[in-house]
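**Q** Handing you a structure now.
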Amino acid sequence: MLTELKQENSYQEAFRALQENESESCVSWLARLRENAMDSFQELGFPSTRNEEWKYTNVAPIAKAAFHPQTRAATAANESGANELAGFSVAEAENSQLVFLNGVLRDDLSSLTALPQEVVAIDLSRAIADERYSEIVRRHLAREADYVAHSFVALNTAFVSGGAFVFIPKGVVVKAPIHLLFLSEGHRTTSFPRVLVVAEANSTATLVESYLGTDGGEYFTNAVVEIVLGEGARLEHYKVQRESVDAFHIATTVADLAPNSSYDSTAVTFGAQLSRHDINVTMGHEGAECWVDGLYLVTSAQHTDTHSVIDHRKPHCTSRQLYKGILDGKSRAVFNGKIFVRHDAQKTDAMQTNKNLLLSNEARVDTKPQLEILADDVKCAHGAAVGQIDQEELFYLETRGIHFDLARNLLTYGFAEEVIGKIKIESIRQQLDEAVLNRLNARLEA
Amino acid sequence: MLEIKNLHAGIDGNEILKGISLTVRKGEIHAIMGPNGSGKSTLAKVLSGHPAYEVTKGEVFYEGENLLEMPPDERAREGVFMAFQYPIEVPGVSNAQFLRLAYNEKRKHLGEEELDPLEFKDLLRERAKIVEMDASFMTRSVNEGFSGGEKKRNEILQMAVLEPRLAILDETDSGLDIDALRIVAGGVNQLHNSENAVILVTHYQRLLDYIVPQFVHVLANGRIAKEGGKELALELEQKGYDWLKTAAPETSVVGVQTNQR
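Taken in sequence, the protein lines are chains E and F. This note's numbering numbers the first residue of the first sequence as 1 and each following residue consecutively. This note's numbering numbers the first residue of the second sequence as 1001 and each following residue consecutively.
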């Protein structure tokens, strides 16, 4: 308990330093927002397993570890070159990417030449300082991500400084995927990636959010991504979490959907010793649709937790959710998916599935799909499954001359493919295919 | 090529095969017929190495080797193939991927060089003609969403790619309409030659109009009740299977239950 307090104090210290450093440059509403968020974090503390939402995920290792929040000055001294980071790029987004190192934007590694001129993708602090965007940021920042009730959102919000602001004006169609690449290096570092995406009416875009560790350190990423979709806007969103195996990754994604907008999210989790992703989609207007899909593949002693909320508040909205998990070793996964269908939300069409494949006897999954329906004219279904590789499928492959181990890998790969296969960006799909196969020590091509 | 001697086998403690003896030489086509529950499919599964079936007695030699000691994948690489009565769907794995993997496993086993995706594509295109399969089937997941007939054709395509020495077709005719039956049978006939052998497991004589066996073995109660040439199949078609029950009276086997599946 004492160490936790000490750690909370070290965040407090870093927080004071940040507020002081930026006291001249920082606009007053932002300083106030941070202050409020810090107060909230001080009050909430780190969640304990007594908290129902954190029942299966113990964040004591994060609370106890002495992580150092990264400031701009500390990161500037870091000189990772473009060469060593090249391996993490996505070919399709070579000229539509923002690269962050320990949460701080690296202009020298970023390029936006493939984006239409009207599209804005800049450092969040620059957007706040720019009178063209400051109002938009102010209107939406910390509006959907609730820092009053959620510790990690509060902590992130207290440190809002850098990050990404992505703005797609009305009617603009962006072909190149916008890639936000968050790299972490060093030991005991903490970064607070913050992303605000505002897509105006009838715009179309693809957002890729990647998290990677460059040198396998024990660091802590605490990310918050807020997405606001205008009427008829369409956003494809990929979150690829491949942090180093010793890292901690806590992320919150919130999306607010206007009438007839479409949000298609795929979250892939491979890395981190402990990871948690909260994804909340609010369908507060008619005719919106969303896909909230994901894949987690964990092994050894990895622990991953997904909590999702899909909130149908108005009629005629559609949601589809497919989360698949592959667990090996002593790994553990938690899936908690809530779908709310509010009183007003007639003609809701909601489907939720969580399927888990256990490759070892020591792996464990706690899955809890939940439907809460208050409207009476709706179409809803949900289900969860936890199982092992099907023996008949295995035998079928063996009778074709495929060795037992390879057959097992092929079926596991096939299981993951249902999620990976939907990814429309070729090189990401390939990277993930490779990552799955590497994880399985398998070789497959074509 | 294949020598089955006094084979007894079953599942979950129930004996289904109660002493089967059968010899298959290269170049031959054998039909195994019999009523439901007679043990036809069990024989096919035991020969392909299904782990749920237990051999309690007897021996099976394939090319002089003890077949029963080989795991299923080794049997396959050695040239034993079974076309499933109910082919399994393998989601997420494309037909082309699957076939190339299986093909290359066999090549490696034989000490031959593996084919790369492009080389294999050519081979696959050529073999697909044998069962009149469209290229679009190659990119789809194995058997997923295939119709019954498409699944059976896909089995024969696998056979065409793997070129087994001994092919066991388990009720390949079931659920096929007449056009699909003709395609499937045509495929098997094209693949059959003087160096390989085919065992057709079937309930009906219909298939044998298209693939003509030299030998017909009729199973009843886990034993071969009658053997003959292709004319035996026609006789069965006329008389049905009922007369066999009197022809092959059950003799009790000590200590083994005789429940039928």
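Each residue gets a CB set at the ideal place from its N, CA and C atoms; glycine is no exception.
Measure the CB-CB distance between methionine 351 of chain E and aspartate 311 of chain E and report whether it falls below 8 Å.
**A** Cβ distance not < 8 Å, so methionine 351 of chain E and aspartate 311 of chain E don't count as in contact.
**Q** I'd like to check one pair, glycine 162 of chain E with aspartate 123 of chain E: are the Cβ atoms closer than 8 Å?
**A** Yes. Within cutoff.
**Q** I'd like to know whether the C-beta atoms of isoleucine 178 of chain E and serine 96 of chain E end up nearer to each other than 8 Å.
**A** Cβ atoms of isoleucine 178 of chain E and serine 96 of chain E: closer than 8 Å.
**Q** Since glutamate 1105 of chain F meets chain E, which of its residues come closer than 9 Å, beta carbon to beta carbon?
**A** Within 9 Å Cβ-Cβ: Arg400, Gly401, Ile402, His403 and Leu406.
**Q** So, with DSSP's three-state summary, where would you put leucine 406 of chain E?
**A** If DSSP states are grouped into helix, strand and coil, leucine 406 of chain E belongs with the helices.
**Q** Closer than 8 Å, CB to CB, is leucine 411 of chain E near chain F or not?
**A** Cβ-Cβ to chain F under 8 Å: yes for leucine 411 of chain E.
**Q** Quick one, which of E:Pro315, E:Cys317 and E:Leu274 has its alpha-carbon nearest tyrosine 296 of chain E's?
**A** The residue with the shortest Cα to Cα distance from tyrosine 296 of chain E is E:Leu274.
**Q** Rounded to whole angstroms, what's the CA-CA distance from aspartate 1170 of chain F to leucine 327 of chain E? Just pull it up for me.
**A** One C-alpha to the other measures close to 36 Å.
**Q** What alpha helix (DSSP H) runs, 4 residues minimum, are completely inside the stretch 113-180 of chain E?
**A** Whole alpha helix (DSSP H) segments, 4+ residues: 124-129, 134-140 and 151-158.
**Q** Name the one or two DSSP bridge partners that isoleucine 1199 of chain F has.
**A** F:His1030 and F:Ile1168.
**Q** Would you report the Cα separation of leucine 440 of chain E and glycine 1019 of chain F, rounded to the nearest angstrom?
**A** If you take the alpha carbons of leucine 440 of chain E and glycine 1019 of chain F, they lie about 43 Å apart.
**Q** Residues of chain E with CB under 7 Å from glycine 1010 of chain F, in chain order?
**A** Ordered by position in chain E, no residue passes the 7 Å Cβ test against glycine 1010 of chain F, which lies about 17 Å from the chain.
**Q** Residues in the same chain with beta-carbon distance under 6 Å from tyrosine 1263 of chain F, minus the five sequence neighbours each way, listed in chain order, please.
**A** One cannot answer for residue 1263 of chain F here, as it falls past the ends of chain F, which runs 1001 to 1261.
**Q** Tell me which same chain residues have a C-beta within less than 7 Å of the C-beta of tyrosine 56 of chain E, skipping the five on either side of it?
**A** Around tyrosine 56 of chain E: Asp305, Val334 and Asp366.
**Q** Using a C-beta cutoff of 8 Å, does glutamate 426 of chain E count as contacting chain F?
**A** Judged by the 8 Å Cβ criterion, glutamate 426 of chain E is not in contact with chain F.
**Q** For arginine 313 of chain E, is the classification buried or exposed, using 16 other Cβ atoms within 10 angstroms of its Cβ as the cut-off for buried?
**A** Burial call: buried.
**Q** So with CB distances below 8 Å, who are the chain F contacts of glycine 414 of chain E?
**A** Those within 8 Å of glycine 414 of chain E in chain F are Val1090, Pro1091, Gly1092, Val1093 and Ser1141.
**Q** Relative to chain E, which residues along the stretch 1037-1051 of chain F have a C-beta separation below 8 Å, given in chain order?
**A** From the stretch 1037-1051 of chain F, only Ser1048, Gly1049, His1050 and Pro1051 have a Cβ closer than 8 Å to chain E.
**Q** Let me confirm a value: glycine 103 of chain E is counted as buried when at least 16 other C-beta atoms fall within 10 Å, else exposed. Which label applies?
**A** Buried, because 16 or more other Cβ atoms sit within 10 Å of the Cβ of glycine 103 of chain E.
**Q** Output, in chain order, the set of chain F residues within a Cβ distance shorter than 7 Å of glutamate 393 of chain E.
**A** Correct list: Ile1088 and Val1090.
**Q** I need the straight-line Cα distance from valine 398 of chain E to valine 1188 of chain F, nearest angstrom please.
**A** For clarity, residue 398 of chain E is glutamate in the given sequence; the question names valine instead. One C-alpha to the other measures close to 22 Å.
**Q** For glutamate 35 of chain E, does the count of other Cβ atoms within 10 angstroms reach 16, so buried, or fall short, so exposed?
**A** Looking at its Cβ environment, which holds fewer than 16 other Cβ atoms inside 10 Å, glutamate 35 of chain E is exposed.
**Q** I think threonine 252 of chain E touches valine 153 of chain E, with their Cβ atoms under 8 Å apart; what is that distance to the nearest whole Å?
**A** Confirmed, about 5 Å.
**Q** In angstroms, rounded to a whole number, what distance separates the CA positions of valine 137 of chain E and alanine 31 of chain E?
**A** Answer to the nearest angstrom: the Cα atoms are 14 Å apart.
**Q** The alpha helix (DSSP H) spanning serine 1136 of chain F covers which residue range?
**A** It spans 1136-1139 - the alpha helix (DSSP H) in which serine 1136 of chain F sits, taken as one unbroken run.
**Q** Measuring alpha carbon to alpha carbon, tell me which residue in E:Arg188, E:Lys175 and E:Glu185 is nearest alanine 114 of chain E.
**A** Comparing Cα-Cα distances from alanine 114 of chain E to each of E:Arg188, E:Lys175 and E:Glu185, the minimum goes to E:Lys175.
**Q** I want to verify the contact list: residues of chain F whose CB lies under 8 Å from the CB of glutamate 418 of chain E, in sequence order.
**A** Correct list: Pro1091 and Gly1092.
**Q** Counting only Cβ pairs nearer than 8 Å, list the residues of chain F close to tyrosine 396 of chain E.
**A** Per Cβ cutoff of 8 Å: Phe1084, Pro1087, Ile1088 and Val1090.
**Q** Taking only runs that begin and end inside the stretch 376-422 of chain E, name each unbroken alpha helix (DSSP H) of 4 or more residues, in chain order.
**A** Runs of the alpha helix (DSSP H) inside the stretch 376-422 of chain E: 391-398 and 404-420.
**Q** Taking 8 Å as the CB-CB cut-off, is glycine 387 of chain E touching chain F?
**A** No, no contact with chain F.
**Q** Within 10 Å of its beta-carbon, does leucine 1110 of chain F have 16 or more other beta-carbons around it, so buried, or fewer, so exposed?
**A** Leucine 1110 of chain F should be labelled exposed.
**Q** So which of E:Ile339, E:Thr189 and E:Ala345 has the shortest CA-CA distance to alanine 66 of chain E?
**A** Checking every option, the nearest Cα to that of alanine 66 of chain E belongs to E:Thr189.
**Q** Whole angstroms are fine: how far does the CA of lysine 1040 of chain F sit from the CA of histidine 1008 of chain F?
**A** Approximately 13 Å between the Cα atoms of the pair.
**Q** Which residues does DSSP list as the beta-bridge partners of methionine 1001 of chain F?
**A** Answer is none; methionine 1001 of chain F lacks a bridge partner.
**Q** Using 8 Å as the threshold, is the C-beta distance between alanine 14 of chain E and proline 61 of chain E below it?
**A** Not in contact: alanine 14 of chain E and proline 61 of chain E (Cβ atoms no closer than 8 Å).
**Q** With a cut-off of 8 Å on the beta carbons, I'd call aspartate 256 of chain E and isoleucine 227 of chain E a contact; round off their distance for me.
**A** Yes, aspartate 256 of chain E and isoleucine 227 of chain E are in contact; Cβ-Cβ is about 7 Å, under 8 Å.
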